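K.L.:
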Amino acid sequence: MRTYQRAVGVFGAGMALVFAMSGSASAGTSSIATDTSHYGSIVNFIPDDEWVSVRDEVSDGHSAVGLVDSHIGGEPRSWTLWNAKGSATQQIYDLNIAEGEQVVIQACLGEYGSKTILWSTCGDPDFSGRA
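Throughout the sequence shown, residue numbering follows the working numbering, covering 4 to 134 in sequence.
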């Protein structure tokens with residue numbers, strides 16, 4: 004459990020640094036989905052609706068996990084979004100992120116029952132999303 008908490012803390016601290024160093028972009032200029040995939044977990048951020056889709060594309064016994072970082076009301080916020088419905092399914096999450104905020108997504112696999120993220124399965128974070 005401590006390793007998981009430490010990893011989440013390091014990930015969150017890294018995301019805070021990225022947000023602090025990121026440049027500005029015009030709000031609402033992109034309606035293109037940002038996506039990342041790894042080991043059969045596909046995470047899409049749809050900026051016009053502020054939705055995140057977590058898809059499981061491989062029947063491997065693991066759940067697809069989407070890690071999302073952004074800001075709400077000026078405060079950093081992180082979400083761990085699970086799709087435990089099985090292969091060839093998706094779970095949609097409607098997030099309330101202010102227009103223009105940077106959104107960072109990452110695709111992983113995990114064990115839903117114990118809420119354990121399998122960190123070695125995580126793909127690279129995608130920093131290109133904006134709400």
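Positions of the beta carbon are idealized from the N, C-alpha and C atoms, including for glycine.
Given the structure is predicted, the values throughout are model-derived calculations rather than measurements.
Between which two residues does the beta strand (DSSP E) holding V92 run?
P.N.:
The displayed chain sequence assigns Thr, not Val, to residue 92. Where T92 is concerned, the enclosing beta strand (DSSP E) stretches over T92 to D97.
K.L.:
Closest to G43 by CA distance: which of D51, D52, V55 and S66 is it?
P.N.:
Ranking the options by Cα distance to G43, first place goes to S66.
K.L.:
Under 7 Å Cβ to Cβ from I100, same chain only, skipping five residues before and after it: list those, please.
P.N.:
E53, S73, I75, V106 and A134
K.L.:
Using the C-alpha atoms, what's the distance from R80 back to G103?
P.N.:
Rounded to whole angstroms, G103 to R80 spans 15 Å at the Cα level.
K.L.:
Spell out the partners DSSP gives E102 in its beta bridges.
P.N.:
Note: E102 sits in no beta bridge, so no partner.
K.L.:
Where does S123 sit, in a helix, a strand or coil, going by DSSP?
P.N.:
helix
K.L.:
Give me the residue from G77, G132 and L112 with the minimum Cα distance to G69.
P.N.:
L112
K.L.:
Using C-beta distances below 7 Å, list every residue in its chain close to S62, excluding the 5 sequence neighbours before and after it, in chain order.
P.N.:
S90
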